[in-house]
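Converting from the sequence shown to the numbering used here requires adding 48 to each position, the first position being numbered 1.
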Amino acid sequence: MSDGDERYDVLCYGTISMDNITRLDRLPNPRRDAVATFECNEVGGEALQVAIALARWGLRVLLAGNVIGTDWKGQLIERELARYESIDTRYIQSRPEIVTPFSRILVTPDGERSRIAYWFDDAPKVELTEAMMRQARLLSVDAYGHQERDRAAEVARALGRPVVSADAISPTYPLASLSDAIVISGAWLLANYPGVFEYDHALELQEHGAGAIIITDGPRPVLVVRPDGSPFGVEPYQIPDIVDTSGAGNMFKAGIIYGWLRPEWTLEYQVKFACAAAGLYCCRQRGDDPPPSLDEIAALMRVQPR
Numbered sequence: 049m050s051d052g053d054e055r056y057d058v059l060c061y062g063t064i065s066m067d068n069i070t071r072l073d074r075l076p077n078p079r080r081d082a083v084a085t086f087e088c089n090e091v092g093g094e095a096l097q098v099a100i101a102l103a104r105w106g107l108r109v110l111l112a113g114n115v116i117g118t119d120w121k122g123q124l125i126e127r128e129l130a131r132y133e134s135i136d137t138r139y140i141q142s143r144p145e146i147v148t149p150f151s152r153i154l155v156t157p158d159g160e161r162s163r164i165a166y167w168f169d170d171a172p173k174v175e176l177t178e179a180m181m182r183q184a185r186l187l188s189v190d191a192y193g194h195q196e197r198d199r200a201a202e203v204a205r206a207l208g209r210p211v212v213s214a215d216a217i218s219p220t221y222p223l224a225s226l227s228d229a230i231v232i233s234g235a236w237l238l239a240n241y242p243g244v245f246e247y248d249h250a251l252e253l254q255e256h257g258a259g260a261i262i263i264t265d266g267p268r269p270v271l272v273v274r275p276d277g278s279p280f281g282v283e284p285y286q287i288p289d290i291v292d293t294s295g296a297g298n299m300f301k302a303g304i305i306y307g308w309l310r311p312e313w314t315l316e317y318q319v320k321f322a323c324a325a326a327g328l329y330c331c332r333q334r335g336d337d338p339p340p341s342l343d344e345i346a347a348l349m350r351v352q353p354r
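Pasting the structure below:
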């Protein structure tokens, strides 16, 4: 640690919500119903899922983001967080008038998912302050909000803390220029910039101040563009029994952050670790299955070296 104020390894700031996972034999349409084969409720949101993964791997995490309700969804989140002593929840606010944001996620037999979002924009956000950021070594932040994300990154940068963001894909979006690393879903990038060349877009982000750009694409190679603009690819691990890809992007980002805090790891090794973590996460059978352990990730990396 660089100074005595840093009690936490990471401050995870952003979305705190609940997910309802429903596995179907197919997606429904007006002419044909779908049959549900499994349903569960679990914690969701980028900040919350990243925080749990990092805590599982032994890091100390400070968590903050949107306000949650005192409804049963908010109570589920609080119960799950109580399982992790290394996650500090002092800045998570709950109010009776707030409906806890949640996503309804429909998963088909190939593991792919479709998502319906509820109440995310209606939930107030807790502002990240300098006093909060001084306690952590690194800021993890998502782009799924408004200007409070930019302000959070500005606070971190002013204190000299690295910023790892998710899906800050607009070159003119302040969060992109304030990020030391951006993890981007290739599907999300193409949905917002149809026909874009990923490498060219990464270079444009870097022209506006972004650091390393890491673009995932499911089972296809990860494109990594170093801060100097030089690219390389990383093949994901072969996972034969994919059950559910929801949350895999958050697990991948958690892997990048875990590696970022290990200066002896190269960027390539960080990405390999993140690929292993995300791949194993897609094998979870039930919603209360924990993220993969460090031993499980290391075992996969030994069996399938890259």
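Cβ coordinates follow ideal geometry from the N, Cα and C atoms, glycine included.
In this text, all values refer to a predicted model and were calculated from it rather than measured experimentally.
With a minimum length of 4 residues, the unbroken runs of alpha helix (DSSP H) contained wholly in the segment 210–269 fall at 222–225, 234–240 and 246–255.
Nearest Cα to S294 within the set L59, A82, V58 and Q97: Q97. DSSP lists E90 and S151 as the beta-bridge partner residues of D67. Just so you know, the alpha carbons of R199 and P275 end up roughly 23 Å apart.
The three-state reading of DSSP puts C323 in helix, counting H, G and I together.
As a beta-bridge residue in DSSP terms, A84 pairs with L72. The bridge partners DSSP lists for C60 are L111 and S188. In this model, T314 and Q254 are separated by some 20 Å (Cα to Cα). Straight through space, the alpha carbons of V115 and L251 are spaced by roughly 36 Å. Around the beta-carbon of R143, fewer than 16 other beta-carbon atoms lie within 10 Å, marking it exposed. Taking L237 as reference, the option from S218, F86, D289 and V147 with the minimal CA-CA separation is S218. The alpha-carbon separation between R209 and A82 amounts to approximately 48 Å. Here S151 is near D67, since their CB atoms are less than 8 Å apart.
Nearest neighbour of F168 by Cα position, chosen from R185, A322, V147 and M181, turns out to be V147. As computed with DSSP, R163 is found in a beta bridge with I153.
In this structure, the beta-carbon distance from A95 to Y61 falls below 8 Å. In the three-state scheme derived from DSSP, where H, G and I count as helix and E and B as strand, F300 is classed as helix. Residue environment for S65: buried (at least 16 other C-beta atoms within 10 angstroms of its C-beta). For V291, there is no enclosing beta strand (DSSP E), as DSSP marks it with neither H nor E. Look at D170 here: in three-state DSSP terms it is coil, with no helix or strand label.
With contacts defined as CB atoms closer than 8 Å, V231 and V282 fail to qualify as a contacting pair. Between the alpha carbons of T70 and I153 lies a distance of about 6 Å.
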